[in-house]
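So this note's numbering is basically just the index in the sequence shown, starting at one, shifted up by 36. In this text, a Cβ means the ideal position worked out from N, Cα and C, and glycines have one as well. Computed from a prediction, not measured in an experiment: that's the story for all the values here. I have placed the structure first, in the form of structure tokens, so that the comments after it can refer back to it.
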Amino acid sequence: SSVVIMAYTTVVVTIVRLVQGDISRDVFLCWGAVLWIVVFGAPIGSLLITAPRERFFRRLFYTLAVAQFIVFATLKIRGNIAAWIIISSILFASLVAIALHA
37 SSVVIMAYTT VVVTIVRLVQ GDISRDVFLC WGAVLWIVVF GAPIGSLLIT
87 APRERFFRRL FYTLAVAQFI VFATLKIRGN IAAWIIISSI LFASLVAIAL
137 HA
């Protein structure tokens, strides 16, 4: 399963980085803060996301992604016209690609 492959890769890369001495204290603190989410979230997620629930979670993900973008745009982009043109172009191209794919 892909979760097992990701876990294995994470452990191997972490061991290599520890041996090289490349990991700072802040990285350890961040890792410790999110470790429990991964340890408990991955198995729970694999139990929750079944075929009948897949559509619901897909829609939930898209809704949260749009909400996150709106908040980001409101707080960070504001009146930057160049940024809005770039983002609008990318969004339009993405929507066209999705429409053509379906």
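| message | Let's see if you can read the secondary structure: which residues bound the alpha helix (DSSP H) around residue 62? | response | The residue labelled residue 62 in the question sits at position 26 within the sequence shown. Start and end: 61-84.
| What's the gap between the Cα of residue 81 and the Cα of residue 122? | Position 45 of the sequence shown, counting from 1, holds the residue named residue 81. Position 86 of the sequence shown, counting from 1, holds the residue named residue 122. Roughly 35 Å separates the two Cα atoms.
| task | Taking residue 87 and residue 39 to be in contact with their CB atoms under 8 Å, please state how far apart those CB atoms are, rounded to whole angstroms. | result | As a first step, residue 87 is located in the sequence shown; it is residue number 51 there, counting from the start. As a first step, residue 39 is located in the sequence shown; it is residue number 3 there, counting from the start. With 8 Å as the limit, residue 87 and residue 39 do not qualify as a contact, their Cβ atoms being about 17 Å apart.
| task | Give the range of the alpha helix (DSSP H) segment to which residue 91 is assigned. | result | Residue 91 sits at position 55 when you count from the first residue of the sequence shown. First-last of the alpha helix (DSSP H) with residue 91: 87-108.
| query | Between which two residues does the alpha helix (DSSP H) containing residue 53 stretch? | reply | As a working note, residue 53 is residue 17 in the sequence shown. Segment 38-56, the alpha helix (DSSP H) holding residue 53.
| Since residue 122 is in the alpha helix (DSSP H), which residue starts that stretch and which ends it? | In the sequence shown, residue 122 corresponds to position 86, counting from 1. Looking at the DSSP string, the run of the alpha helix (DSSP H) that includes residue 122 is 117-137.
| query | Considering only the beta carbon of each residue, do residue 84 and residue 93 sit closer than 9 Å? | reply | Reading the sequence shown from its first residue, position 48 is the one you call residue 84. Reading the sequence shown from its first residue, position 57 is the one you call residue 93. Cβ distance < 9 Å, so residue 84 and residue 93 count as in contact.
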